[in-house]
Every structure is written in structure tokens, then in C-alpha cells.
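Asker: Just add 1 to the spot in the sequence shown (first one is 1) and you have my numbering.
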Amino acid sequence: MSTDYQRAREELGRRLRELRAESSDGPLTGTALALRLGWPQSKVSKLESGRQTPTRDDLRAWAEAVGQPVVFDELQARLKGFESHIRSWRRLLAAGHASVQETWNAVVGETRTLHVWDGHVVNGLLQTADYARSLFTSHAELRRSPQDTENAVRARMKRQEWLYRPGKRLNLLMWEAALQSRVCAPEVLAAQLDRLLGVVGMDTLHLGIVPLDSPLRVPAGNGFWIMDGQLVTVEDWHAELWLDDAETIALYRRAWDALAESAVYGVEAQQVIARVRRGIKA
2 MSTDYQRARE ELGRRLRELR AESSDGPLTG TALALRLGWP QSKVSKLESG
52 RQTPTRDDLR AWAEAVGQPV VFDELQARLK GFESHIRSWR RLLAAGHASV
102 QETWNAVVGE TRTLHVWDGH VVNGLLQTAD YARSLFTSHA ELRRSPQDTE
152 NAVRARMKRQ EWLYRPGKRL NLLMWEAALQ SRVCAPEVLA AQLDRLLGVV
202 GMDTLHLGIV PLDSPLRVPA GNGFWIMDGQ LVTVEDWHAE LWLDDAETIA
252 LYRRAWDALA ESAVYGVEAQ QVIARVRRGI KA
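1) Would you report the Cα separation of residue 167 and residue 219, rounded to the nearest angstrom?
2) What does the Cβ neighbour count give for residue 239, buried or exposed, with the cut at 16 atoms within 10 Å?
3) Only counting runs of 3 or more residues, tell me where the beta strand (DSSP E) segments fall wholly within the segment 85-147, in order along the chain.
4) How do the segment 52-64 and the segment 88-99 stand: do at least 3 beta-carbon pairs fall below 8 Å, yes or no?
5) Counting only runs of 3+ residues fully inside the segment 150-181, write out the beta strand (DSSP E) ranges in chain order.
6) Which residue marks the beginning of the alpha helix (DSSP H) containing residue 252, and which one marks its end?
7) Quick check on the DSSP output: the alpha helix (DSSP H) that includes residue 23 runs from which residue to which?
8) Could you please give the first and the last residue of the uninterrupted beta strand (DSSP E) stretch that includes residue 242?
9) Tell me whether the beta-carbon of residue 257 lies closer than 8 Å to the beta-carbon of residue 227.
10) Using the three-state DSSP reduction, which class does residue 281 fall into: helix, strand or coil?
11) Per DSSP, residue 234 forms a beta bridge with which residues?
12) Counting only the same chain and skipping the five closest in sequence on each side, list residues whose C-beta sits under 6 Å from that of residue 29.
13) Shortest alpha-carbon distance to residue 136 belongs to which of 161, 69, 216, 184?
14) Going by DSSP, what residues sit across from residue 206 in a beta bridge?
15) Pull up the distance between the alpha-carbon of residue 114 and that of residue 273, whole angstroms please.
16) Would you mind reading off the limits of the alpha helix (DSSP H) that contains residue 187?
17) Going by the beta-carbon positions, is the gap between residue 278 and residue 191 smaller than 8 Å?
18) Counting only runs of 3+ residues fully inside the segment 23-90, write out the beta strand (DSSP E) ranges in chain order.
19) What is the DSSP secondary structure of residue 273, reduced to helix, strand or coil?
20) In the DSSP output, which residue or residues are listed as bridge partners for residue 265?
21) Would you call the CB atoms of residue 66 and residue 17 closer than 8 Å?
22) Spell out a yes or no on whether the segment 121-133 and the segment 196-208 are touching, meaning 3 or more CB-CB pairs, one atom from each, closer than 8 Å.
23) So what does DSSP say about residue 9, is it helix, strand or coil?
24) On a CA-only basis, which of 222, 249, 193 is nearest residue 182? Give me that one, please.
25) Give the straight-line distance between the Cα atoms of residue 71 and residue 150, rounded to the nearest whole angstrom.
26) Is it right to say residue 7 is buried, meaning 16 or more other beta carbons lie within 10 angstroms of its own, or is it exposed?
27) Straight-line CA distance for residue 263 to residue 253?
28) Suppose contacts are defined by Cβ-Cβ distances below 8 Å. Is residue 144 in contact with residue 94 by that definition?
29) Helix, strand or coil, according to DSSP, for residue 15 in the structure here?
30) Whose C-beta lies closer than 6 Å to the C-beta of residue 119 among residues of the same chain, with five residues either side of it excluded?
As C-alpha cells, then:
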């Protein structure tokens with residue numbers, strides 16, 4: 002399923018391909034352009050097909066290599082147009098939560114490595130159906146969107162199949178506050194924490210828990226996902242941000258690394274989860 006940012010990236014790729022065909026000294030093959038730029042031919046192919054995001058330096062080099070340096074400003078404007086995307090929840094949820102979950106399934110399904118920070122709720126890839134149901138119900142009430150809770154829950158549960166595919170890796174950090182947050186009935190939260198205790202040690206999961214009393218190098222902030230180092234998504238009350246420029250991605254990765262230094266893992270993570278679990282009167 003194509004996303005807004007992916008469609009914009011493909012449009013830029015088509016424009017780059019046009020410029021190569023209209024080079025000032027005659028049409029260039031992708032191989033010839035790659036040689037002129039000193040790049041692997043695969044990079045030219047990925048940029049033209051929208052499978053890779055160019056940097057500003059890439060665009061400047063491309064414009065100069067095809068003998069049309071004046072088009073750099075146009076290319077840069079196109080790039081800025083999709084480096085940051087604000088995806089309004091009002092628009093996204095017009096038909097309910099299920100379609101949003103299906104979009105996420107497609108995006109996550111193509112991702113090999115995730116680096117995720119969750120400070121408020123348990124991550125969706127590890128949620129139980131009842132826990133997810135509570136969240137979808139409350140968000141639909143808050144945002145006054147259509148109630149399609151059961152379809153949304155099924156879509157989210159389907160996404161969890163990702164964890165059982167070879168070659169996938171979820172590097173997940175969660176604040177202890179996310180474990181304690183009473184966003185559902187006590188018995189639902191207790192079952193959710195039991196689920197977390199059971200997944201510690203999965204081959205595809207590296208789980209870190211940041212205890213509430215752990216010193217923080219950076220404030221906890223909103224939750225975010227880094228996908229293969231190519232895309233960052235951040236959820237806020239009014240919208241979901243899709244951030245695609247290299248500098249912003251690097252910033253979020255530094256934030257993730259800083260939070261990771263405050264986390265505990267393995268047996269120590271299980272101990273934090275178990276301590277919170279014992280405090281629930283289910």
C-alpha cells in the first residue's frame with residue numbers, strides 16, 4: 002500500500018529520470034550517469050524508482066551531471082515537500098482505525114529493523130487483543146472517529162506475525178510508566194504484563210525497560226519508530242508525523258541511543274515487569 006511520502010518520493014524519482022533522458026549532451030543511460038557521478042549503478046536505479054531518498058548533495062550532483070544545474074532549486078523544493086509529512090488523524094481516521102492499521106501493516110511488513118521508543122503504552126507489536134481493544138475504543142471516543150474496533154484489533158494482531166519472520170529485528174525501549182499506565186481494566190493490564198514476561202528473550206526482540214528511577218540523558222518525550230534508518234514516525238494528539246530527511250532520522254537515533262543507556266535488559270527487564278505486575282490488584 003503506497004503512502005503519501007512514498008508517492009512523493011516516486012514522483013521525484015520520475016523527475017530525475019526525465020532529467021537524465023534530457024541531459025544537455027544527449028540522453029544518458031543509468032550506467033553512464035552512475036559512472037559520471039562516481040556512484041554505484043544501483044543508487045541511480047533506487048533514486049529513480051523512489052526506493053531511496055536523495056540528499057540535497059545528491060540532487061545538486063545530479064543536476065550538474067545532466068548539465069542542468071538550474072533545476073537544483075526545483076529538485077530541492079520537491080525534496081522539502083516530503084521530508085516531513087503531517088498526517089492528520091481527522092483525515093486518517095475518517096473511515097475508522099482499521100484502514101490505518103492496514104497501512105501500518107504494509108509499511109512495517111517491508112521493514113527489517115525497527116528501533117522504537119514507547120513512553121506511554123505497551124508497543125503495538127506486543128499488545129494483547131484486549132489491551133489493543135481498550136486503546137482503540139478510547140482513541141475513537143477522543144477523536145470522534147468511527148467505531149471499527151474489532152477490525153482494527155484483528156489488523157493489529159496480524160501485524161504481530163512480523164515478529165516471527167526470519168531476518169526481522171525489533172529493538173524496543175519502553176518506559177516503566179508505559180507498564181503502569183492504567184489505560185485498561187486491571188485484569189487486562191495484568192494479562193498484558195504476563196505477555197511481556199513471556200516474550201523477553203525472543204530471537205527477533207531486543208527489549209529494554211527504562212525504570213522510573215533511572216537517570217535520563219534526554220527527556221522521555223513522545224513515542225517514535227525508526228524504520229531501517231530510512232523513516233521516522235512520531236505520534237501526537239492531532240497527527241502522525243512521517244519524517245524522511247537524514248538529519249532528522251539521525252537526531253531520533255541519537256535520542257534512542259541515549260534512552261537505551263538508561264534501560265535494563267534480559268533478567269533485569271523481567272524483574273521490573275514482574276514488580277509492576279505484582280502491584281496490580283486484578
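Ideal Cβ positions, reconstructed from N, Cα and C, are used throughout, including at glycine.
Answerer: Looking at the atomic coordinates:
1) The straight-line gap from Cα to Cα measures roughly 33 Å.
2) Counting C-beta atoms within 10 angstroms of its own C-beta, residue 239 has fewer than 16 neighbours from the protein chains shown and is therefore classed as exposed.
3) Note on the segment 85-147: whole beta strand (DSSP E) runs with a minimum of 3 residues are 85-89, 114-119, in chain order.
4) As far as the Cβ criterion goes, the segment 52-64 does not touch the segment 88-99, which means the pair count is below three.
5) Taking only runs of at least 3 residues, the beta strand (DSSP E) segments lying wholly in the segment 150-181 are 170-176.
6) Membership of residue 252 in the alpha helix (DSSP H) is indicated by the continuous run 247-261.
7) Unbroken run through residue 23: none, as it is neither H nor E.
8) Its beta strand (DSSP E) spans residues 240-244.
9) Yes, they are a contact pair.
10) In the structure shown, the three-state DSSP call for residue 281 is coil.
11) Paired residue(s): 226, 243.
12) So the qualifying residues of the chain are 21.
13) Ranking 161, 69, 216, 184 by Cα distance to residue 136 puts 184 first.
14) DSSP output for residue 206 lists 171 as bridge partner(s).
15) Cα-Cα distance, rounded: 25 Å.
16) That run of the alpha helix (DSSP H) goes 187-200.
17) Between residue 278 and residue 191, the C-beta gap is smaller than 8 Å, which places the two residues in contact.
18) List check, beta strand (DSSP E) in window: 85-89.
19) Judged by DSSP in its simplified three-state form, residue 273 adopts helix.
20) Beta-bridge analysis with DSSP links residue 265 to 210.
21) Going by C-beta atoms, residue 66 is not nearer than 8 Å to residue 17.
22) At 8 Å Cβ cutoff, the stretches touch.
23) Reduced to three states, the DSSP call for residue 9 is helix.
24) Looking at the Cα atoms, 193 is the closest of the given residues.
25) Looking at the two C-alpha atoms, the distance is approximately 51 Å.
26) Result: buried.
27) Rounded to whole angstroms, residue 263 to residue 253 spans 16 Å at the Cα level.
28) Yes.
29) Residue state, collapsed to three classes: helix.
30) So the list reads 175, 179, 224, once near-sequence residues are dropped.
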